[in-house]
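Participant: Using our numbering, the first residue of the sequence shown is number 293, and each one after it goes up by one. Ideal placement from N, C-alpha and C gives every residue a C-beta, glycine not left out. I'd like to ask you about the structure that follows.
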Amino acid sequence: MKLTRIVEKIRNNFHSLTDVWLFIGIFFWSTILPIIVKFLSLPRIMEMITPTKTNRYQATNRKSAEEKIIKFTEYILNLDFWIWKSTCLKRSLLLYRFLNKIGVNVQICFGVKYNQSMISKDSTSSIDGHAWLCLNGEIFLERNIEMAREYKVTYCFPGL
């Protein structure tokens, strides 16, 4: 039965009202980020999504909150429906906001790389962009660290 699977998922993933609010917050921000990105400059976006105060957790609770933030973000972005699609930008912005909110001081970095394709007689070139997180100067929570290293950092927030 589909309803019992849904109830079981809720029971396994939401252990408190705080978990529910965290999920709703991530869902809310993942919904409005595509609109914000279209109309605001990057510095303005960073100003808007950077939390003004953090919730300091004890080490064990903070690790649990960090895992939930990652899990809820991945779940929502992997819906792969309408505006809930996983892009490096959206994933990095969401994780940046919510991890900083619990006191994990991550940076968000943006980079570019030059690609040249020799598929036809006329070679075409393009610039690709990527966004990722850093913690203590190291790439953090990136699915493919080597791929991220191929990009030339153009902007980090907060600055290096």
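My assumption, with CB atoms under 8 Å, is that Leu381 sits in contact with Ala423. Please give the rounded CB distance.
Facilitator: About 5 Å separates the two Cβ atoms, so the contact holds.
Participant: I'd like to know whether the C-beta atoms of Leu425 and Ile400 end up nearer to each other than 9 Å.
Facilitator: Yes, the pair counts as a contact, with Cβ atoms nearer than the cut-off.
Participant: Hey, out of Pro343, Lys330, Ile419 and Phe331, whose CA is closest to Val398's CA?
Facilitator: Answer by Cα proximity: Pro343.
Participant: Can you tell which of Thr346, Tyr406, Tyr447 and Ser378 has its C-alpha closest to the C-alpha of Phe518?
Facilitator: No statement about residue 518 is possible, as the shown extent of the chain runs from 293 to 452 and does not include it.
Participant: So what's Tyr443 in DSSP terms, helix, strand or just coil?
Facilitator: The answer is coil: DSSP assigns Tyr443 none of H, G, I, E or B.
Participant: Would you report the Cα separation of Ile337 and Asn407, rounded to the nearest angstrom?
Facilitator: Spanning the two alpha carbons is a distance of roughly 27 Å.
Participant: Relative to the C-alpha of Leu427, which candidate in Leu314, Leu387, Tyr443 and Phe319 has its C-alpha closest?
Facilitator: Out of Leu314, Leu387, Tyr443 and Phe319, Leu387 has the C-alpha closest to the C-alpha of Leu427.
Participant: Output the boundary residues of the alpha helix (DSSP H) element that contains Ile324.
Facilitator: That run of the alpha helix (DSSP H) goes Leu309 to Phe331.
Participant: Output the distance between the C-alpha atoms of Lys405 and Glu300, rounded to the nearest integer angstrom.
Facilitator: Whole-angstrom Cα-Cα distance: 44 Å.
Participant: Considering only their Cβ atoms, is the gap separating Glu366 from Ser378 smaller than 9 Å?
Facilitator: Contact flag set, yes.
Participant: Taking the beta carbon of Val312 as the centre, do at least 16 other beta carbons fall within 10 Å, making it buried, or is it exposed?
Facilitator: The residue in question, Val312, is exposed, as its Cβ has fewer than 16 Cβ neighbours within 10 Å.
Participant: Determine whether the beta carbon atoms of Tyr443 and Gly429 lie at a separation below 9 Å.
Facilitator: No; because the gap between Cβ atoms is not below 9 Å, this pair is not in contact.
Participant: Going by DSSP in three states, Ile431 sits in which element: helix, strand or coil?
Facilitator: DSSP places Ile431 in strand when its eight states are reduced to three.
Participant: Write down every uninterrupted run of the alpha helix (DSSP H) in the segment 373-401 whose length is 4 residues or greater and which is fully enclosed by it, in chain order.
Facilitator: The qualifying runs are 380-393.
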